[in-house]
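Structure, as structure tokens:
Protein chains: 2
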Amino acid sequence: MALSEAPALAVSTVIFTLRPDSAGNMKLALALVRRIRKPFDGLWALPGGPLSMNEDLSDAAARNLRETTGLQPRYLEQLYAFGSLDRSPGSNTKDRVVSIVYWALVGSDEAEAAIDSENVSWFWADELNKLAFDHNLIVEYALWRLRNKLEYSRLAHGFLGERFTLAQLREVYEAVLGRELDPGNFRRMVEANGAVVATGERLEGTRHRPPQLYRYDSSIDLTDQGPLNPNSAKQEKKK
Amino acid sequence: MALSEAPALAVSTVIFTLRPDSAGNMKLALALVRRIRKPFDGLWALPGGPLSMNEDLSDAAARNLRETTGLQPRYLEQLYAFGSLDRSPGSNTKDRVVSIVYWALVGSDEAEAAIDSENVSWFWADELNKLAFDHNLIVEYALWRLRNKLEYSRLAHGFLGERFTLAQLREVYEAVLGRELDPGNFRRMVEANGAVVATGERLEGTRHRPPQLYRYDSSIDLTDQGPLNPNSAKQEKKK
DNA sequence: CTAGATAAAGTCAAAATGACTTTTAGAAGG
DNA sequence: CCTTCTAAAAGTCATTTTGACTTTATCTAG
Chain A
1 MALSEAPALA VSTVIFTLRP DSAGNMKLAL ALVRRIRKPF DGLWALPGGP
51 LSMNEDLSDA AARNLRETTG LQPRYLEQLY AFGSLDRSPG SNTKDRVVSI
101 VYWALVGSDE AEAAIDSENV SWFWADELNK LAFDHNLIVE YALWRLRNKL
151 EYSRLAHGFL GERFTLAQLR EVYEAVLGRE LDPGNFRRMV EANGAVVATG
201 ERLEGTRHRP PQLYRYDSSI DLTDQGPLNP NSAKQEKKK
Chain B
1 MALSEAPALA VSTVIFTLRP DSAGNMKLAL ALVRRIRKPF DGLWALPGGP
51 LSMNEDLSDA AARNLRETTG LQPRYLEQLY AFGSLDRSPG SNTKDRVVSI
101 VYWALVGSDE AEAAIDSENV SWFWADELNK LAFDHNLIVE YALWRLRNKL
151 EYSRLAHGFL GERFTLAQLR EVYEAVLGRE LDPGNFRRMV EANGAVVATG
201 ERLEGTRHRP PQLYRYDSSI DLTDQGPLNP NSAKQEKKK
């Protein structure tokens with residue numbers, strides 16, 4: 001059938017986390033690797049590589065993630081397949097690569113421990129320079145999806161630990177959306193949504209009234225991908 | 001580099017249209033082709049084929065559409081890349097195919113004229129039997145996306161002609177969503193949205209008060225794909 | 001001129017949203 | 001033990017949005 005006369009297939013991953021900036025505020029960051037080869041040598045790029053013959057697409061993305069940061073994804077979703085003819089300008093048509101891109105969330109607590117070397121580093125999502133290939137566009141789209149999905153799913157969990165306060169949850173929303181939210185209205189929204197439940201425990205040791213600790217209701221999906229959900233057996237509409 | 005030791009790449013397309021059923025009500029339909037080869041021989045499947053070396057992904061999808069129905073898409077969007085190892089059960093790993101699937105809308109006026117032969121036919125979207133490969137899942141996901149997108153974009157335009165009445169527009173929504181909508185509230189919603197403008201003309205020849213003809217405001221995007229929009233130069237938030 | 005039909009406009013209560021205010025429960029320090 | 005600081009948690013209120021429904025307008029057909 002198709003011999004070598006077919007575009008190559010690669011899988012790349014946009015890896016998001018939240019990290020505190022110098023002022024201590026959580027900001028959205030993503031992991032990039034420095035290219036050490038011909039096209040765009042020296043520029044930063046999304047982690048990725050060719051798809052193995054017997055490897056699922058999402059497994060390949062998780063492998064990207066593990067090999068780049070040493071971490072497991074808290075959330076992993078396919079973003080888009082990029083396959084324009086001019087993705088690698090100046091290159092021969094024979095070198096054409098179609099990239100299936102995933103995006104992932106890793107916990108902000110774990111992210112610090114992850115490798116941060118000469119050639120692998122975290123970058124603030126809103127302060128990126130020119131990246132290799134069409135990776136600026138890819139990141140832009142991943143950011144757009146992240147911000148959109150956050151609003152109608154329990155995606156924020158991907159950045160948090162098992163238990164968290166509403167203030168921490170709100171901080172995630174504020175960092176991703178890039179704007180402040182009213183604490184009272186945020187509480188009302190979260191409680192009405194029902195995806196989060198109080199544990200009865202409190203976070204002690206603050207210099208103010210100790211906040212309630214919450215956790216996500218595990219019976220509710222992390223995000224709604226419709227029929228593609230891993231546990232798509234029972235499909236539930238939100239009342 | 002990667003020799004023949006790589007999964008093959010194919011592009012398939014879920015082609016939607018609206019057609020009147022025997023009672024004259026518009027219902028959602030999709031185009032399928034009958035397989036005439038070994039895996040799943042005789043079953044119906046989504047139109048598709050291998051990706052050419054110098055063909056854009058969306059061009060390949062549009063070619064699927066043209067070769068299958070003879071039509072141009074009114075709307076075309078990438079759906080998902082399907083690449084599980086078990087997509088073609090019983091087959092050798094060497095035969096692995098990763099399918100990048102698009103979904104398209106074609107006008108209901110044109111759809112009737114399109115070919116409808118022994119091996120190419122329209123099927124009601126809600127009455128499908130077992131399809132080849134994982135195509136049932138793909139169609140389910142495409143339906144889910146269509147229904148979701150309809151609610152916050154001017155997608156319905158893909159089924160309609162240049163000018164249309166609000167009743168026709170509402171009929172599209174009702175057919176896709178599968179439920180009736182209140183005419184008054186629908187009018188209010190559409191007018192508030194602002195994507196549709198009155199032409200000043202009326203549709204005459206009805207046996208009742210002649211309805212206003214509307215058209216889509218062409219300065220507003222057909223749908224919001226964020227940074228991936230074809231005309232992503234100017235990004236506008238809805239007020 | 002009347003009947004039939006749908007367009008188009010209007011009404012109204014309930015629910016959701018955004019901007020605020022008030023009260024509560026701890027820590028820290030005199 | 002009393003005051004202060006701080007954020008949690010609860011409450012208020014006007015505006016906007018939504019869903020269900022009613023009324024009026026305007027055409028064709030007979």
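Line by line, the protein sequences give chains A and B.
So in the numbering used here the end of the first sequence lands on 239, straight run, no missing numbers.
So in the numbering used here the end of the second sequence lands on 239, straight run, no missing numbers.
Backbone N, C-alpha and C define an ideal beta-carbon position, used for all residues, glycine too.
Practice problem: Compare the C-alpha of Asp116(B) against each of Asp217(B), Leu79(B) and Ala29(B) and name the closest. | Solution: Looking at Asp217(B), Leu79(B) and Ala29(B), the one whose alpha-carbon comes closest to that of Asp116(B) is Ala29(B).
Practice problem: Inspect the beta-carbon positions of Thr165(A) and Leu105(A) and report whether they are closer than 7 Å. | Solution: For the 7 Å CB-CB criterion, Thr165(A) and Leu105(A) do not form a contact.
Exercise. Run the CB neighbour count on Asn292(A), radius 10 Å, all protein chains shown included, and call it buried at 16 or more, exposed below.
Key: Any question about residue 292(A) goes unanswered here, given that chain A covers just 1 to 239.
Quiz item: Of all the options Thr13(A), Gly42(A) and Arg35(A), which has the alpha carbon lying nearest to the alpha carbon of Leu143(A)?
Solution: Thr13(A)
Exercise. Find out if the Cβ-Cβ distance for the pair Ala45(B), Val11(B) is shorter than 7 Å.
Key: no
Practice problem: Check whether the Cβ atoms of Gly83(A) and Leu213(B) lie closer than 7 Å to each other. | Solution: Remark: C-beta atoms of Gly83(A) and Leu213(B) do not approach each other more closely than 7 Å.
Exercise. With 7 Å as the threshold, decide whether the Cβ of Pro7(A) is near any Cβ in chain B.
Key: In terms of beta-carbon proximity, Pro7(A) lines the interface with chain B, with at least one pair separated by less than 7 Å.
Quiz item: Would you say Tyr141(A) and Gly90(B) are within 7 Å of each other, going by their C-beta atoms?
Solution: no
Quiz item: Expressed to the nearest angstrom, what Euclidean distance is found between the alpha-carbon atoms of Gly194(B) and His157(B)?
Solution: 14 Å
Quiz item: At a Cβ threshold of 7 Å, is Trp144(A) touching chain B?
Solution: yes
Exercise. Kindly indicate which three-state DSSP category Gln78(B) falls into: helix, strand or coil?
Key: strand
Quiz item: Which first and last residues belong to the alpha helix (DSSP H) in which Arg145(A) is found?
Solution: His135 to Leu150
Quiz item: Which chain B residues are close to Leu85(A), counting only those with a beta carbon under 7 Å from its beta carbon?
Solution: What Leu85(A) touches in chain B: Asn54 and Asp56.
Quiz item: Looking at C-alpha atoms only, which residue of Gln168(B), Pro47(B) and Pro211(B) is the closest neighbour of Ser108(B)?
Solution: Gln168(B)
Self-check item: Enclosing alpha helix (DSSP H) for Met189(A) [first to last residue]
Solution: Met189(A) -> alpha helix (DSSP H) spans Pro183 to Asn193.
Quiz item: Using the beta-carbon count (16 or more within 10 Å), is Asn129(A) buried or exposed?
Solution: Its Cβ having fewer than 16 others within 10 Å, Asn129(A) is exposed.
Quiz item: Of the choices Glu55(B), Ala23(B), Arg34(B) and Asn229(B), whose alpha-carbon is the least far from that of Phe123(B)?
Solution: Arg34(B)
Quiz item: At what residues does the beta strand (DSSP E) containing Arg202(B) begin and finish?
Solution: Val196 to Arg202
Quiz prompt | Burial state of Val139(A), where buried means 16 or more other Cβ atoms lie within 10 Å | solution = buried
Quiz item: Can you name the residues of chain B whose CB is closer than 9 Å to the CB of Ile100(A)?
Solution: Per Cβ cutoff of 9 Å: Ala81, Gly83, Val98 and Ile100.
Exercise. Measure the C-alpha to C-alpha separation of Trp137(A) and Leu228(B) and round it to an integer number of angstroms.
Key: A small correction: the amino acid at residue 137(A) is Leu; Trp does not occupy that position in the sequence shown. For Leu137(A) and Leu228(B), the distance between alpha carbons rounds to 8 Å.
Quiz item: beta strand (DSSP E) containing Ala114(B): first to last residue?
Solution: Per DSSP, Ala114(B) belongs to no beta strand (DSSP E) and is neither H nor E.
Quiz prompt | Nearest-angstrom Cα separation, counted from Arg19(A) out to Ser218(B) | solution = 42 Å
Exercise. Would you list, in chain order, the members of the region 189-221 of chain B that have their beta-carbon closer than 8 Å to a beta-carbon of chain A?
Key: none
Exercise. Would you mind working out which of Leu177(A), Lys38(A) and Leu131(A) sits nearest Glu151(A), comparing C-alpha positions?
Key: It is Leu177(A).
Quiz item: In chain order, what residues of the same chain have a beta carbon less than 7 Å from the beta carbon of Gly246(B), not counting five sequence neighbours either side?
Solution: The shown model of chain B, from 1 to 239, leaves out residue 246(B), and the question about it has no answer.
Self-check item: Start and end residues, alpha helix (DSSP H) containing Ser58(B)
Solution: Note, Ser58(B): alpha helix (DSSP H), Leu57 to Thr69.
Quiz item: Span of the alpha helix (DSSP H) holding Leu85(A)?
Solution: Unbroken run through Leu85(A): none, as it is neither H nor E.
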